[in-house]
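Trainee: Just so you know, the working numbering puts the end of the sequence shown at 236, numbered straight through with nothing missing.
Here a beta-carbon is modelled for each residue, glycine too, at the ideal position from N, C-alpha and C.
Computed from a predicted structure; not experimentally measured.
Right, I'll just put the structure down here and ask away after.
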Amino acid sequence: MPIDDEQLDDLLRDVSVPHDLKATLLQIPDRESEAVSVARRSNSGFAFLGLLAAIAAAVLLFVNLPSAPLDVDENVSVAISDEEEIEELEGLLAQLEEERYSIELLAKAQELERSRLELLKEGPHLELKESLALAMSLSWESSLDRGASIESVRSELEYVASTFPGTRGAEIARNILQTN
Numbered sequence: 057m058p059i060d061d062e063q064l065d066d067l068l069r070d071v072s073v074p075h076d077l078k079a080t081l082l083q084i085p086d087r088e089s090e091a092v093s094v095a096r097r098s099n100s101g102f103a104f105l106g107l108l109a110a111i112a113a114a115v116l117l118f119v120n121l122p123s124a125p126l127d128v129d130e131n132v133s134v135a136i137s138d139e140e141e142i143e144e145l146e147g148l149l150a151q152l153e154e155e156r157y158s159i160e161l162l163a164k165a166q167e168l169e170r171s172r173l174e175l176l177k178e179g180p181h182l183e184l185k186e187s188l189a190l191a192m193s194l195s196w197e198s199s200l201d202r203g204a205s206i207e208s209v210r211s212e213l214e215y216v217a218s219t220f221p222g223t224r225g226a227e228i229a230r231n232i233l234q235t236n
């Protein structure tokens, strides 16, 4: 036959516990009361820290707010210190601008040097006019060296000298015409 809750409750209340077991059980500390007290202590610590933070914020707010209207003399001293700070900041700004300009100049100089070094790596470059004048004058000079007459190449050398003035090829053509 099943026992209902009330009967079970009555039976458990009538259980006899030996005296020495009861004394031992009573000596065991109540774990729930310890947990509650620890939790209360840690919560009280947080509450104390929150209170300290609120007090610190109030003190900072109080310090940053003016306590009374400023006198005329105080306004003048505040204005002077503000002007001095503005002048100092303007000086620093001008110095920064000069340094920025110097950095830009250095960057441009480095870029030019880098470009120059790249051109040197690639080797000497001749413009198209210079290349043509040099090739034509040297080819006609080579013809002369192989036995061609000056009259057969004179018109070509004169063409090089007149068409490509100021080039090394035109200079070579004029020298050939003058020596022959």
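1) Got a sec, what are the start and stop residues for the alpha helix (DSSP H) D60 sits in?
2) To the nearest whole angstrom, what separates the beta carbons of M192 and E207, a pair I think is in contact under 8 angstroms?
3) Residue range of the alpha helix (DSSP H) that A191 falls in?
4) Using the C-alpha atoms, what's the distance from V209 back to A200?
5) Since E214 and L233 should fall inside the 8 angstroms C-beta cutoff, what is the C-beta to C-beta distance between them, to a whole number of angstroms?
6) Is the separation between the beta-carbon of R224 and that of L190 shorter than 8 angstroms?
7) Would you decide whether A226 is buried or exposed? Buried here means 16 or more other CB atoms lie within 10 Å of its CB.
8) By DSSP, does N231 sit in helix, in strand, or in coil?
Mentor: The structure says:
1) Counting along the chain, D60 falls outside any alpha helix (DSSP H), and DSSP gives it neither H nor E.
2) The pair is not a contact, with the Cβ atoms about 17 angstroms apart (cut-off 8 angstroms).
3) L184 to D201
4) Checking the sequence shown, residue 200 turns out to be Leu, not Ala. C-alpha separation (whole angstroms): 8 angstroms.
5) 7 angstroms
6) yes
7) buried
8) helix
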